[in-house]
Each structure stands twice: as structure tokens, then as C-alpha cells.
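Quick notes on the structure that follows.
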Amino acid sequence: MAESKGLPGLRGTDHIGITAPDFDQAVDFFTDVLGLEPFYEMGPFGSSDDNFMQDMLNVNPRAVIQRVKQFRCGSNTNIELFEYESPDQRKKMPKNSDWGGHHIALYVDDIDAAMDHLKNHEVKLMPGGGGPTIEDGPEAGLRSCYFLTPWGMQMELISYPNGKGYTSETDRRLWDPRR
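Quick note: the sequence shown uses the numbering used here, first residue 189, plus one each step.
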């Protein structure tokens, strides 16, 4: 059978899953500080005598999802927040440079106003953030600032109100939250 390239029927990202050490603190941060729109909550799931959690989610078979809550993030994707308990749970946040390291970039129209908002909520901004707008290359026009959630997860503010430089080189376009 011939192999095809690409996932059949792929339309986009439905959600990004995040596990936080303090579920209530994370809910408050997502809603009160970031302004995500909360939807439904479920749980608990798991830790029966079978291997469902391992087979389905690649976690310890005795892991329990105490709670999971869905949030809508602006006009594009959803955030799925988890509260897990597991006998082998790692309790250290990965750096961006670690395997599996990650961050979520939130597009904002006014990065200075967004940075001030985070500072007013005592959110730790990375010292190199909010610097000058990139002037050359495919990301010309972009300005960003990394910050940490209360539990130490990396996130980023990003803004390119006049677009990115790569658009002068190709007719192809990345998804753009400004549209």
C-alpha cells in the first residue's frame, strides 16, 4: 500500500493540554490574569485495577486525573487544564531547551499594555523580553516577551501588528490571529 504524506482530514489544533500543580491557582490565573474563557469541568478519572490510563494516555496505570477544565483562548484554540496525581509524577517544569520543553505564545495587539497588565498582577517577566522589534529576516516586525505562570510554566506574549517579514518572500501564509 502506498504511503500518503500528511494526516488525512487534518484541520488544525483543537487544544493544548497543561498539567498544573495547583489546579485552582491555574484556573484563577487563566481566567483572571490571562482572560481565558472557562467552559466545562470533569473528573475524576483513572486508577482502577486495569491499565486504561497507561494504554490511553501513556501515564502510570495508577495515575488519576482529579479534574480537567476546558478554556477558550481568544479566537483560535482551547486550553485543557489537568490536575493529575500519579505515583511517578515529575514535579519539575521543563526548560524550553529540554526534550519535551514547550511554551505557549499568546498574540496580543499591544505588547506594552499586556506586559504592564502582567506586571500589575505580579507575573514574572523574563528580563530580556519586550525588547526592540525584530528588523530583519522572516520574523521582521515581531516583538515578544516570555513570562512564567505562578507554577513556573513558560509562556510568551507576541505581537506583529504590521505582519511578519516572511510575507514579502512567499504567497504562503502561517495562521495569523489578526485575521
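Yeah, the Cβ is synthetic: ideal placement off N, Cα and C, and Gly gets one too.
Per DSSP, residue 299 is not a residue of any beta strand (DSSP E); the alpha helix (DSSP H) it occupies stretches across 299-308.
In the structure shown, residue 192 falls within a coil segment according to DSSP collapsed to helix, strand and coil. Within the same chain, 335 come within 6 Å of residue 311 by CB-CB distance, once the 5 residues on both sides are set aside. In the three-state reduction of the DSSP assignment, residue 247 falls in the coil class. By the criterion of a C-beta distance shorter than 6 Å, residue 344 is surrounded in its chain by 291, 293, 332, 334, once the five residues flanking it on both sides are discounted. Cβ neighbours of residue 272 within its own chain (closer than 8 Å, five residues either side excluded): 207, 247, 251, 252, 253, 254. When secondary structure is reduced to three states using DSSP, residue 342 falls in the strand class. Contact between residue 349 and residue 304 does not hold, since their C-beta atoms are separated by about 17 Å, which reaches or exceeds 8 Å. Classified as exposed, residue 228 has fewer than 16 neighbouring CB atoms from the shown chains inside 10 Å of its CB. Restricting attention to 237, 285, 263, 328, the CA atom closest to the CA of residue 354 is found in 328. Cα atoms of residue 221 and residue 269: separation of roughly 15 Å, rounded to the nearest angstrom. When Cβ pairs closer than 8 Å are counted between the two stretches, the region 255-266 is seen to touch the region 358-366, the count reaching three or more.
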